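Below: the structure, in structure tokens.
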Amino acid sequence: MTTPETGIRTPEEREQMRQKVYNAPLESLDPGDPGGFESGEMWLKFERLRSEDPVHFTPGDQTVYGPYWSVTRWDDIVAIDSNHEVFSNEASIMLRRPRGADEEVNLPFADGGNLSEEEIKQYEERGLQSLLSMDPPDHEVHRNAVSMGVSPARLTSIEPLIRERAGQILDGLPIGEEFDWHDQVSMELTAMTLATLFDFPQADRRKLTYWSDVAVCTPGPGQIVQTREEQMDVLREFFTSLAGMFMERAGKDPQPDFLSLMAHSPHAKEFTPAELFGDIAVLLVGGNDTTRNTISGSVYALNTRPEEYDKLRADHSLIPSMVSETIRWQTPLAHMMRKTTRDVEVAGKLIPEGDRLALWYVSGNRDETKIDRPNDYIIDRKNARRHMSFGFGIHRCLGNRLAEMQLKIIWEEILQRFPDIQVLRPPGSRTTASPRGTRICTSSSRGVHEEPDARHPARRRARSSDAQRHRHEHRGRLTCPSRPW
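By full-length UniProt numbering, the letter at position 418 of the sequence shown is numbered 418, and the numbering carries on one by one without gaps.
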């Protein structure tokens, strides 16, 4: 079996890691351990679990997250994801420390004190409440309120704008200098798109990026925020700003942006402050964190697999399948949680009512029984859209087509301008947040870490009226100092 990419440099080190994982007592394996995502051990853990214990229980004394089950095979994940009646979303949607843990972050306090004591208690027990953590009928009410914001008609209307901005970003990259691809391209494009979706001032678009990063980070030394108090101050600014826009748009004619759609929902008056905050935060994080990481992940994947990059340069019609393969290979959202509503058997294991299960999409996307050569990155893979990065059932990712469209557009524009993209140095890694808040090596989001000081000498196509004439004279190289894990 092909050994998954681990980040370990030598065959000897890879073998040592394999022996460590395979010789460990099965019950001691904690798939959610962030250290395993940093080192690459998690690939071997998932490989072993799919084979030996596909529905795996981690006891509370083996993890910081409290006891939980891990579901690692494709078929089991699909079955659970598609059965919301037995496997409820009305629990924390991510692995999180139990109530009272030092690192716990109570995001709803950021609304400035508008939450009731009951709402605060509910958050402490279940986490942030949003359309992503609701079951029917509440789920449909909240999802329907914003779904038109990413409808096919809406995407068709904003596609030319996204393409224009992608071109402007690429044409504005420095010539003859090193630069940070993740910040100047991936983050910039997604920030511009988010500002459009929320009808937020473009001049302040990086506030959306910053707020999103702060919302998902754990405060501490070297992080984007140092303390919980600092985080609460930032999130109070976030919620106050967006809530003000929400109220303003409620008094105006309906528009296609998220805030207006929510404000004019027939059920808008029923939304609690906590639910409003949760829905806005989920839309913001979903449109920012995962998409930008996948854009940078595509650059890294192609740069480290020149034979695949050659295929793409030779045949631009492979862009859609390359996009889907990148989303599978990157799996920007590593897992989602479910909670059983009754005793139920899964793959021969009896799961008691009320137990938590982690659906490991990152493992299902490497399931050898469903995907040929799953650890390889193959841009012309047959049925490339057959992956589980967007989930299944009623909670399938709301913005999946938008994410695909942004990746497709940026690569169409790249290939018109640059024959090559080069990663100049091995990217860095952290276990929680980078100085700019891009999370990597966590067990929830598989992101990338930008190197702010990285720059690269780039020669690109001329932007003057004779750009077409110079197209083949300017062979550009860009840098993407970023690595997916």
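The beta carbon of each residue, even a glycine, is placed where N, CA and C say it ideally should be. Bear in mind that the values here come from a model prediction, so they are computed numbers and not experimental data.
- By a beta-carbon distance limit of 8 Å, threonine 340 contacts phenylalanine 87. Their separation comes to about 6 Å.
- Taking C-beta atoms as the reference points, aspartate 257 and leucine 197 count as a pair closer than 8 Å.
- In this structure, Leu398 is the residue among Ile421, Leu424, Leu398, Trp411 with its C-alpha nearest to the C-alpha of glycine 149.
- By the Cβ test, the segment 359-366 is in contact with the segment 68-86, since at least three Cβ pairs between them sit closer than 8 Å.
- Burial state of aspartate 343 is exposed, judged by a 10 Å Cβ sphere holding fewer than 16 other Cβ atoms.
- Assignment of beta strand (DSSP E) within the segment 259-307, counting only whole runs of 3 or more residues, yields no such run.
- About 10 Å separates the beta carbons of glutamine 231 and valine 216, which is beyond the 8 Å limit, so they are not a contact pair.
- Across the structure, glutamine 255 and histidine 267 are spaced so that their CA atoms are roughly 17 Å apart.
- Beta bridge pairing from DSSP links arginine 356 with Lys339.
- Distance from proline 332 to serine 389 at the Cβ level is roughly 7 Å; contact confirmed, criterion being Cβ atoms closer than 8 Å.
- Boundaries for tyrosine 68: no alpha helix (DSSP H) harbours it, while the beta strand (DSSP E) harbouring it runs 68-71, taken from the DSSP string.
- Under the three-state reduction of DSSP output, histidine 84 falls in the coil class, being neither helix nor strand.
- Taking 8 Å as the cut-off, the Cβ atoms of alanine 334 and methionine 262 do not count as close.
- DSSP links threonine 196 through a beta bridge to no other residue.
- Fewer than three beta-carbon pairs drawn from the segment 275-294 and the segment 169-176 are found closer than 8 Å, and the two stretches are therefore not classed as touching.
- Looking at the DSSP output, isoleucine 351 bridges to Val344.
- Annotation for threonine 58: the continuous beta strand (DSSP E) segment containing it runs 55-58.
- Contact fails between the segment 371-379 and the segment 55-72, because fewer than three Cβ pairs, one in each stretch, are under 8 Å apart.
- A straight line joining the alpha-carbon of asparagine 89 with that of phenylalanine 392 spans about 13 Å.
- Going by C-alpha positions, glycine 286 is about 10 Å away from arginine 292.
- Isoleucine 319 and tryptophan 411 do touch by the CB rule: their CB atoms are close to 5 Å apart, below 8 Å.
- When the five nearest sequence neighbours on each side are left out, the beta carbons in the same chain lying within less than 7 Å of the beta carbon of lysine 311 are those of Leu318, Ile379, Asp380, in order along the chain.
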